[in-house]
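Here the sequence shown is numbered in my numbering, starting from 169 and rising by one per residue.
Don't be surprised by glycine CBs; every beta carbon is placed ideally from N, CA and C.
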Amino acid sequence: MKEIDPKQTKRAKAYELWMKAPNPMVTFFKTLDVTPLVNKSKKSKLKFNMLLDYCIGKVASNIEEFYLLPVGDKLIQYDTIAVNTIVKNKDGEVSSCDILYTDDLDKYNTDYLKYTQEVGKTCNDRDLTDSMVIGTSAIIDTELDGAVGMNSGIFNNPFILWGRYKKKFFKYYLTISFQYHHTQMDGSHAGKFLANLQKEIYNFR
């Protein structure tokens, strides 16, 4: 990771417009057909949330805007992407766990299981500060029609939130919210990410 001059990037105008905006965060909603992931989870005993996190990381890793993130008043460029997941710990509270994205599904699954179990037992967050982290949170206690993350003014990372998936006839659907900082990307980039995420899920075997 390194600090870069915003004027030397494609995000120069966005940096000028949005860095000091009262609320620079934008939220999109999209309902995904997650049937392939549900079927894969049931057949292979892999966790559904792990599979979705993997797809999120894979799609994001191929979009250059995800490697830039406003941190404080600086623009930071990263070489790697990680996906964060929220873990219920042994005290009944929640802890945060970052998993470095790798294209190798078996490796990603091994890391996911290892570190989420470790975080759950120790109640200590696992933060990968050298990677651009995509936050996620799964509220599996209920189905959600939508949710908007908060604008803390501290964390500008993209954030994806979802509830329990819904079954309709023979398919499964999941509504997600995707929040991003306008300095990092525009609506076209966010739309491309969501469209490609659906394609990646459809192609998942």
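Could you give the first and the last residue of the continuous beta strand (DSSP E) run that contains residue i?
i           : result
residue 252 : 249-256
residue 204 : Residue 204 -> not in any beta strand (DSSP E); alpha helix (DSSP H) instead, spanning 203-212.
residue 266 : 262-268
Return the first residue and the last residue of the alpha helix (DSSP H) that residue i is part of.
i           : result
residue 286 : 273-290
residue 368 : 355-370
residue 121 : Not covered by the structure: residue 121. The range shown for the chain is 169 to 373.
residue 216 : 216-228
residue 185 : 180-186
Between the C-alpha atoms of residue i and residue j, what's the straight-line distance to the nearest angstrom?
i           : j           : result
residue 198 : residue 330 : 10 Å
residue 301 : residue 252 : 6 Å
residue 189 : residue 196 : 18 Å
residue 235 : residue 243 : 10 Å
residue 248 : residue 229 : 8 Å
residue 221 : residue 304 : 8 Å
residue 218 : residue 170 : 29 Å
residue 367 : residue 288 : 32 Å
residue 348 : residue 327 : 7 Å
residue 336 : residue 355 : 29 Å
residue 293 : residue 267 : 11 Å
residue 216 : residue 311 : 15 Å
residue 352 : residue 297 : 17 Å
residue 317 : residue 204 : 27 Å
residue 258 : residue 246 : 33 Å
Name the DSSP bridge partner or partners of residue i?
i           : result
residue 318 : In DSSP, residue 318 forms no bridge with anything.
residue 236 : 245
residue 336 : 339
residue 327 : 303, 347
residue 170 : 245
Contact check, residue i vs residue j under 8 Å by CB: the rounded distance?
i           : j           : result
residue 214 : residue 277 : 6 Å
residue 370 : residue 206 : That pair is no contact at about 13 Å.
residue 361 : residue 231 : 6 Å
residue 377 : residue 233 : The chain is shown from 169 up to 373; residue 377 falls before or after that span and cannot be answered.
residue 364 : residue 227 : 5 Å
residue 323 : residue 208 : With a Cβ gap of about 31 Å, residue 323 and residue 208 do not count as contacting.
residue 291 : residue 263 : 6 Å
residue 202 : residue 333 : 6 Å
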